[in-house]
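Enquirer: For the record, in the sequence shown the residue sitting at position 85 is 85 according to the UniProt record's numbering, with numbers rising by one throughout. For each residue, glycine too, the CB sits at the ideal point set by N, CA and C. One structure, pasted below without further comment.
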Amino acid sequence: MKNVIGLLIVGLLCISCRSHHLEFTIKRTIVKVYENDTVKILVADNNDFIEAFKDHNNPEKCRNISLGKKIKFRVIPVSDLSTHRNDFVYILNDSTYFKYNRYFGIYNLKNYCVKSK
1 MKNVIGLLIV
11 GLLCISCRSH
21 HLEFTIKRTI
31 VKVYENDTVK
41 ILVADNNDFI
51 EAFKDHNNPE
61 KCRNISLGKK
71 IKFRVIPVSD
81 LSTHRNDFVY
91 ILNDSTYFKY
101 NRYFGIYNLK
111 NYCVKSK
């Protein structure tokens, strides 16, 4: 009986550790970019939002992206994690609201330099 309980506890620990890691790769075409002093919002062609927090410790290091080109991102699904009713509205600042399809967040701090096509 002790072995069964021990295996159950180890199994639950493994499952809980694995469920913490929700990061995966998506490939989207970025068409618009919005930003404020802490965050940059990348808007995809299917109206998905990808939120990237700026890394103020390394401002000279940035990843170049071009508008209208498909790019891969390592993200976590923010809009899929909500357990309450979601209106699918992103608030950039007090007066700017955006409707989105799905909302992703980039796990690490990263700077993005955006170039027009």
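1) Classify Gly105 as helix, strand or coil using the three-state DSSP reduction.
2) From this set, Glu35, Arg28, Phe24 and Glu23, which residue's C-alpha is nearest Cys113's C-alpha?
3) Do you know how far the Cα of Tyr100 is from the Cα of Ile91?
4) Give me the Cα-Cα distance between Glu60 and Lys69, rounded to the nearest whole angstrom.
5) Just list the residues that DSSP pairs Tyr90 with in beta bridges.
6) My output table needs one value for Ser79: the three-state DSSP class, helix, strand or coil.
7) Between which residues of its own chain and Leu67 is the CB-CB distance below 8 Å, once the five residues before and five after are set aside?
8) Can you tell me which of the three DSSP states Ser19 falls into?
9) In whole angstroms, what separates the C-alpha of His20 from that of Ile76?
10) How big is the Cα-Cα spacing for Phe73 and Lys27?
11) Assuming Leu109 and Phe24 make a contact with CB atoms under 8 Å, what is their CB distance in whole Å?
12) Among Asn93, Ala44, Tyr97 and Leu22, which residue has its Cα nearest to the Cα of Ile65?
Expert: If we stick to the structure as given:
1) Correct three-state label for Gly105: strand.
2) In this structure, Glu35 is the residue among Glu35, Arg28, Phe24 and Glu23 with its C-alpha nearest to the C-alpha of Cys113.
3) If you draw a straight line from the Cα of Ile91 to the Cα of Tyr100, it is about 11 Å long.
4) So the two alpha carbons sit approximately 23 Å from each other.
5) Answer by DSSP bridge pairing, in chain order: Phe98.
6) Here Ser79 sits in helix by DSSP.
7) Within its own chain, the residues whose Cβ lies closer than 8 Å to the Cβ of Leu67, once the five positions on either side in sequence are excluded, are Ile30, Val31, Lys32, Val33, Val114, Lys115, Ser116 and Lys117, listed in chain order.
8) Caution applies to Ser19, whose pLDDT of 44 falls short of 50 and renders its modelled position unreliable; the value that the coordinates give is listed next. Helix, per DSSP.
9) Residue placement at His20 cannot be trusted, given a pLDDT of 47 that sits under 50; what the coordinates show is reported in the next sentence. Taking the Cα positions, His20 is about 11 Å away from Ile76.
10) So the two alpha carbons sit approximately 6 Å from each other.
11) With 8 Å as the limit, Leu109 and Phe24 do not qualify as a contact, their Cβ atoms being about 19 Å apart.
12) When only C-alpha atoms are compared, the closest one is Ala44.
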